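J.: Each step along the sequence shown adds one to the number in numbering that gives the first Met the number 0, with nothing skipped, and position 179 is 178.
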Amino acid sequence: MVEHLLAGARGALVTHEWPHPRPRYVALLVHGYGEHAGRYAELAGVLTGHGAAVYAPDHMGHGRSAGERVVIEDFEDVVTDVHTAAGLAMDAHPGLPLVVMGHSMGGLVAARYAQRHRDALAALVLSGPVIGAWELPGRLLALPEIPDTPISPGALSRDRAVGAAYAADPLVWRGPMKRPTLEAFVRTLRAVAEDGDVGPLPLLWLHGEDDRLVPLPGSRIGVERLSGGALTERIRAGARHEVFHETDRAQVFAELTGFLDGVLLSR
Numbered sequence: 000m001v002e003h004l005l006a007g008a009r010g011a012l013v014t015h016e017w018p019h020p021r022p023r024y025v026a027l028l029v030h031g032y033g034e035h036a037g038r039y040a041e042l043a044g045v046l047t048g049h050g051a052a053v054y055a056p057d058h059m060g061h062g063r064s065a066g067e068r069v070v071i072e073d074f075e076d077v078v079t080d081v082h083t084a085a086g087l088a089m090d091a092h093p094g095l096p097l098v099v100m101g102h103s104m105g106g107l108v109a110a111r112y113a114q115r116h117r118d119a120l121a122a123l124v125l126s127g128p129v130i131g132a133w134e135l136p137g138r139l140l141a142l143p144e145i146p147d148t149p150i151s152p153g154a155l156s157r158d159r160a161v162g163a164a165y166a167a168d169p170l171v172w173r174g175p176m177k178r179p180t181l182e183a184f185v186r187t188l189r190a191v192a193e194d195g196d197v198g199p200l201p202l203l204w205l206h207g208e209d210d211r212l213v214p215l216p217g218s219r220i221g222v223e224r225l226s227g228g229a230l231t232e233r234i235r236a237g238a239r240h241e242v243f244h245e246t247d248r249a250q251v252f253a254e255l256t257g258f259l260d261g262v263l264l265s266r
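(1) Between the Cα of Q114 and those of G153, L200, M176, P143, spot the shortest distance and give me the residue it belongs to.
(2) To the nearest angstrom, how far is it from the Cα of L202 to the Cα of V161?
(3) Considering only residues of the region 124 to 188, which uninterrupted alpha helix (DSSP H) runs meet the minimum length of 4 residues and lie entirely inside it, listed in chain order?
(4) Could you check which residue in M104, G227, Q250, R219 has the C-alpha nearest to that of H61?
(5) Bridge partners for Y54 per DSSP, in chain order?
(6) Is V29 closer than 7 Å to R63 when the C-beta atoms are compared?
(7) Buried or exposed: which applies to T187, given that a residue is buried once 16 or more other Cβ atoms fall within 10 Å of its Cβ?
(8) Give the secondary structure of A121 by DSSP, where H, G and I count as helix, E and B as strand, and everything else as coil.
(9) Going by DSSP in three states, E83 sits in which element: helix, strand or coil?
(10) Between V98, A238, S218, which lies nearest to V251 when the distance is taken from Cα to Cα?
(11) Which residue's Cα is closest to the Cα of M100: P93, E182, A121?
(12) For A91 and A141, I'd like the C-alpha separation in whole angstroms.
(13) Within the continuous beta strand (DSSP E) that includes T246, where are the two ends?
(14) With a threshold of 16 other CB atoms inside 10 Å of the CB of D80, please say whether the residue is buried or exposed.
(15) Could you tell me which residues DSSP pairs with I234 in its beta bridges?
(16) Measure the beta-carbon distance from H15 to A51 and round it to whole angstroms, keeping in mind my assumption that it falls under 8 Å.
(17) Rounded to whole angstroms, what's the CA-CA distance from W17 to Y112? Just pull it up for me.
(18) V98 lies in the alpha helix (DSSP H); which residues open and close that run?
(19) Please report the straight-line C-alpha distance between A85 and R138, rounded to a whole angstrom.
(20) According to the Cβ coordinates, are F132 and G33 closer than 7 Å?
(21) Using beta-carbon positions only, say whether D158 and T246 come within less than 7 Å of one another.
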């Protein structure tokens, strides 16, 4: 893995690259809230093995990028940073198909990215996306003080090693959510809902049936509204929030690469 230091919308933007000597497509990974792109090394390995050059920025206030921890005042800035990382990737690999994959909060960012840059994409992949009806920000903003209730590692995956690694990771945020970020969530959920679908862009939606952080029914509302009809849905029985880190992730990876094979063959 190689790290690039780019100029982001609000400071230094660290972008990870998992290179491929002769890629057939570019995969851009968009991580979730409070974590960082380095947690997706296994997924990146699957994708490079499938023929992708993989890139993934640490969002502002996350990982090794600049900014107050987990503060995002405007998700449009995060979308712009993802576009900066995409520019790095496409300058290195001009003409290759670009696939954007977003998890959780990154699913919201990836959805907004697809609305802004649909014509540049070959496909969109959303994993446990914060999209549609997500009630948490409104509930927390109604309180006089945001409670210091960290994400339970057990809510991520049935694989206990995943939770243990998350709990021990010094780059993972385990403090309270911050009001500016919650307010930005509300605005961006509304913007994605109001800005229409992504037309014929192929869309793969992956979600854990037992996702308690981003419940399945609320995401369904947003995904079905975002899709222009080219939707592939894969709901994993018993899985929790992070399907790429679940006990059955080999099957999830097979579903992902099978979807991508179909996209690439149709071009």
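Positions of the beta carbon are idealized from the N, C-alpha and C atoms, including for glycine. A quick note: this is a predicted structure, and the numbers were derived from the prediction, not measured.
T.: For this structure:
(1) The closest CA to that of Q114, considering only G153, L200, M176, P143, is found on L200.
(2) Answer to the nearest angstrom: the Cα atoms are 27 Å apart.
(3) Listed in chain order, the alpha helix (DSSP H) runs fully inside the region 124 to 188 are 135 to 140, 159 to 167, counting runs of at least 4 residues.
(4) Here the closest residue by C-alpha is M104.
(5) Answer is E16, L27, bridged to Y54.
(6) No, the pair does not count as a contact, with Cβ atoms beyond the cut-off.
(7) By the C-beta density criterion, T187 is buried, having at least 16 other C-beta atoms within 10 angstroms.
(8) Shown here, A121 sits in coil according to DSSP, grouped into three states, outside any helix or strand.
(9) Glu is not the amino acid found at residue 83; the sequence shown has Thr there. T83 falls in the helix class under three-state DSSP.
(10) For the residues V98, A238, S218, the minimum Cα distance to V251 belongs to A238.
(11) For the set P93, E182, A121, the Cα lying nearest the Cα of M100 is the one of A121.
(12) So the two alpha carbons sit approximately 46 Å from each other.
(13) Looking at the DSSP string, T246 is not in any beta strand (DSSP E), and its letter there is neither H nor E.
(14) D80 should be labelled buried.
(15) Per DSSP, H206.
(16) The C-beta separation of H15 from A51 comes to about 13 Å, leaving the pair out of contact by the 8 Å criterion.
(17) W17 and Y112: Cα-Cα distance of roughly 21 Å.
(18) Note, V98: premise wrong, no alpha helix (DSSP H); beta strand (DSSP E) at 97 to 102.
(19) Roughly 34 Å between the two C-alpha positions.
(20) The sequence shown places Ala at residue 132, rather than the Phe named in the question. Cβ atoms of A132 and G33: not closer than 7 Å.
(21) At the C-beta level, D158 and T246 come within 7 Å of one another.
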